[in-house]
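Numbering (this note's numbering), first residue to last: 45 to 521. Below is one structure, written out as structure tokens; the observations come after it.
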Amino acid sequence: MDERGIFENISPLDHRYYQANQTLFDRLADYLSERAAVRYCLSVEIALLRAHLRAADRLTARLQRQLDRLWQHVSADAVYAEEEITRHNIRALVNVMQRHLPPEVAAWVHVGATSVDILDTAQAMRIRDAMQKVVIPQLTDLVLVLISRAEQEAQTAQVGRTHGRHAVPISFGYALTEYVARLGKSAQELVARSADLRGKLAGAVGAYNALAVVSTDPVGFEHSVLRELGLKPSEYATQLVEPEYQLRLLLEINTAFGIIANLADDLRHLQRSEIDEVRERFGMDQVGSSTMPQKRNPWNCEHVKSLWKAFMPRVQTFYMDQISEHQRDLSNSASSRFVMEFITGFAAAVARMHQVVRDLDVDRDRMLGILQTAGDTVLAEPAYICLALGGRADAHEVVRRATLRSETEKRSITAILRQDPDVWRVIETHLQRVGYHDAAQFFAHPELYRGRAVERTIELCNRYRSIAEQIKEDSGV
Numbered sequence: 045m046d047e048r049g050i051f052e053n054i055s056p057l058d059h060r061y062y063q064a065n066q067t068l069f070d071r072l073a074d075y076l077s078e079r080a081a082v083r084y085c086l087s088v089e090i091a092l093l094r095a096h097l098r099a100a101d102r103l104t105a106r107l108q109r110q111l112d113r114l115w116q117h118v119s120a121d122a123v124y125a126e127e128e129i130t131r132h133n134i135r136a137l138v139n140v141m142q143r144h145l146p147p148e149v150a151a152w153v154h155v156g157a158t159s160v161d162i163l164d165t166a167q168a169m170r171i172r173d174a175m176q177k178v179v180i181p182q183l184t185d186l187v188l189v190l191i192s193r194a195e196q197e198a199q200t201a202q203v204g205r206t207h208g209r210h211a212v213p214i215s216f217g218y219a220l221t222e223y224v225a226r227l228g229k230s231a232q233e234l235v236a237r238s239a240d241l242r243g244k245l246a247g248a249v250g251a252y253n254a255l256a257v258v259s260t261d262p263v264g265f266e267h268s269v270l271r272e273l274g275l276k277p278s279e280y281a282t283q284l285v286e287p288e289y290q291l292r293l294l295l296e297i298n299t300a301f302g303i304i305a306n307l308a309d310d311l312r313h314l315q316r317s318e319i320d321e322v323r324e325r326f327g328m329d330q331v332g333s334s335t336m337p338q339k340r341n342p343w344n345c346e347h348v349k350s351l352w353k354a355f356m357p358r359v360q361t362f363y364m365d366q367i368s369e370h371q372r373d374l375s376n377s378a379s380s381r382f383v384m385e386f387i388t389g390f391a392a393a394v395a396r397m398h399q400v401v402r403d404l405d406v407d408r409d410r411m412l413g414i415l416q417t418a419g420d421t422v423l424a425e426p427a428y429i430c431l432a433l434g435g436r437a438d439a440h441e442v443v444r445r446a447t448l449r450s451e452t453e454k455r456s457i458t459a460i461l462r463q464d465p466d467v468w469r470v471i472e473t474h475l476q477r478v479g480y481h482d483a484a485q486f487f488a489h490p491e492l493y494r495g496r497a498v499e500r501t502i503e504l505c506n507r508y509r510s511i512a513e514q515i516k517e518d519s520g521v
């Protein structure tokens, strides 16, 4: 087929995002491209033909060499050229295969199978291999770089935020650990779901009609072919593999995509001028605005969120592809082809997020400064708890009123609470009981009130590092 420049392509995945992810996309092309689709369908047909030859005790070394040579002769270009004649993709593949085999063997190509036996089985293999060899290792790399940054910032004091308002203190490392845990669990789920993709060789309506003519044990014959391809058979088949195997994997990809988008959004908000606690790395020659030379925009985080917005709605189509009339219709023939774009878009987002986290500049002084600027208002919670545990039923109301006075009188909560000796004595006594020996210093240093943020950061990072490293080791990548 004619070569064409990438800028003649219509999909942004094939020009703009290819430019930014050439190595990644070239690796994914080994599994998700149309050439890969033909190659994987060929592997299914060869496995089927080999099973026929074994069953007839005719799989000689000479015939094995001829089967091996099919990889040189059966190309996507040849199959697509044949499809211009047949108007049928699998029959085109079969015709091209038969031209390069002796007549007595060529007659057995595709016997006992229907097109979707080949297509669904090949699709399961393609997605399995892309996930296990590229996407999941890439996702675990993101988990590992998040772990590294979380450990670096385990002690970095930061004000917590709920509803966009200051809450109680945490550490920035603990904030990152949220995503370590969420993505770590998702990576485990993706491993399980990709390993459970299924194939089939059950014929036109899934009842083994054709294979029952080929073999006295059609189910066993199916198992032998799929075993060679590293797949289990769908427990029940129409003309299609049960769609839920693939659907559950795609839904988990979408779950991981949403987690990454959430991380991107959090980091984007922390780059607002009025917060400015972190910044994406900006190159010396990089331009943030065509008219405002000072701009340093969080464009990578925005890019990740935007990719999620583009691909997340496709889940609706995945659900709709569950439905096929009776044993099969063609209403998923076009929509299912875009599954590969969805996986590729997710991989692009993972790659971009890895870059952001790896190169993120963290302004620790700014984080501490904002926490200190919030003053002791972020310590209203421990003041209330100390009073409540000291027996004051009105503890919440006492502190709530102190916060209101703090706002109107422009004074610290500590100063207001100390005006009541009984209140302050109860607070002081309880803080000493739990290890804070100087109540005044405690309220002067809100970064001290961080619960078990540091310990939990270390604990969870250790747990998910072991999980991520095991996933990487198992993948062999």
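Built from N, CA and C at the ideal position, the CB exists for glycine as well.
Which of helix, strand or coil DSSP assigns to residue i
i: S334; result: coil
i: G264; result: helix
i: H481; result: coil
i: M45; result: Because M45 carries a pLDDT of 47, less than 50, the predicted location of this residue cannot be relied on, and no value is offered for it.
i: S510; result: helix
i: D405; result: strand
i: A391; result: helix
i: H347; result: helix
i: S215; result: strand
i: P146; result: coil
i: R131; result: coil
i: Q110; result: helix
i: T501; result: helix
i: I50; result: helix
i: V322; result: strand
i: A254; result: helix
i: K276; result: strand
i: G495; result: coil
i: D58; result: helix
i: R462; result: helix
Residue i: CB within 7 Å of a non-hydrogen atom of the ligand PLP
i: C345; result: Absence of the ligand PLP is noted for the structure shown, with no ligands found whatsoever.
Whether residue i touches residue j by CB criterion (8 Å)
i: S230; j: T299; result: yes
i: R323; j: E346; result: no
i: A91; j: E288; result: no
i: F355; j: G389; result: yes
i: A393; j: W343; result: no
i: A174; j: I387; result: yes
i: T501; j: Y218; result: yes
i: E491; j: P56; result: no
i: L137; j: L86; result: yes
i: R372; j: V160; result: yes
i: R509; j: D403; result: no
i: V401; j: C430; result: no
Residue closest to residue i, alpha-carbon to alpha-carbon, out of the options
i: I191; options: D518, V521, A484 and I511; result: I511
i: T458; options: D420, E491, D438 and T67; result: D420
i: I414; options: F216, W115 and Q167; result: F216
i: Q485; options: I171, Q416, R436 and P277; result: Q416
i: G250; options: D365, Q514, L307 and Y280; result: Y280
i: R143; options: P213, V155 and E126; result: E126
i: P262; options: N133, G156 and S380; result: G156
i: M141; options: A100, E89 and W468; result: E89
i: T165; options: S278, L293 and D329; result: S278
i: E78; options: P213, E453, D58 and A64; result: D58
i: A225; options: I515, S519, C505 and H489; result: C505
i: R237; options: A168, R496 and F487; result: A168
i: R172; options: R131, I134, Q108 and A239; result: A239
i: A100; options: E148, R402 and V498; result: E148
i: L314; options: S375, R209 and K454; result: R209
i: D518; options: T260, T184 and S380; result: T184
i: E286; options: N253, R325 and L241; result: L241
i: I64; options: E453, P357 and I50; result: The displayed chain sequence assigns Ala, not Ile, to residue 64. The candidate whose alpha carbon is nearest that of A64 is I50.
i: S380; options: S450, L291, D112 and G228; result: L291
i: E296; options: L275, S333, V235 and Q330; result: V235
i: A81; options: V118, A95, L107 and R48; result: V118
Anticipated Cβ contact below 8 Å, residue i with residue j, distance rounded
i: L163; j: V153; result: The Cβ separation is near 16 Å, so there is no contact.
i: L284; j: S350; result: Contact doesn't hold; Cβ gap of about 34 Å is too wide.
i: D320; j: D405; result: In fact, because the Cβ distance is near 10 Å, the residues do not count as touching under 8 Å.
i: R170; j: Y61; result: 20 Å between Cβ atoms; not a contact.
i: V443; j: A424; result: 5 Å
i: L461; j: A446; result: 6 Å
i: M411; j: A201; result: 6 Å
i: V348; j: A305; result: 6 Å
Q) How do the segment 179–197 and the segment 465–482 stand: do at least 3 beta-carbon pairs fall below 8 Å, yes or no? A) No: the two stretches stay apart, fewer than three of their Cβ pairs being nearer than 8 Å.
Q.
With three or more C-beta pairs closer than 8 Å as the rule, is the segment 392–402 touching the segment 326–340?
A. By the Cβ test, the segment 326–340 is not in contact with the segment 392–402, since fewer than three Cβ pairs between them sit closer than 8 Å.
Q. Do the segment 163–179 and the segment 66–80 make contact, defined as three or more Cβ pairs closer than 8 Å?
A. Touching, per the Cβ criterion.
Q. Using 8 Å as the Cβ pair cut-off and three pairs as the minimum, do the segment 233–249 and the segment 258–273 touch?
A. Look at the beta carbons and you see the segment 233–249 touching the segment 258–273: at least three pairs across the two are nearer than 8 Å.
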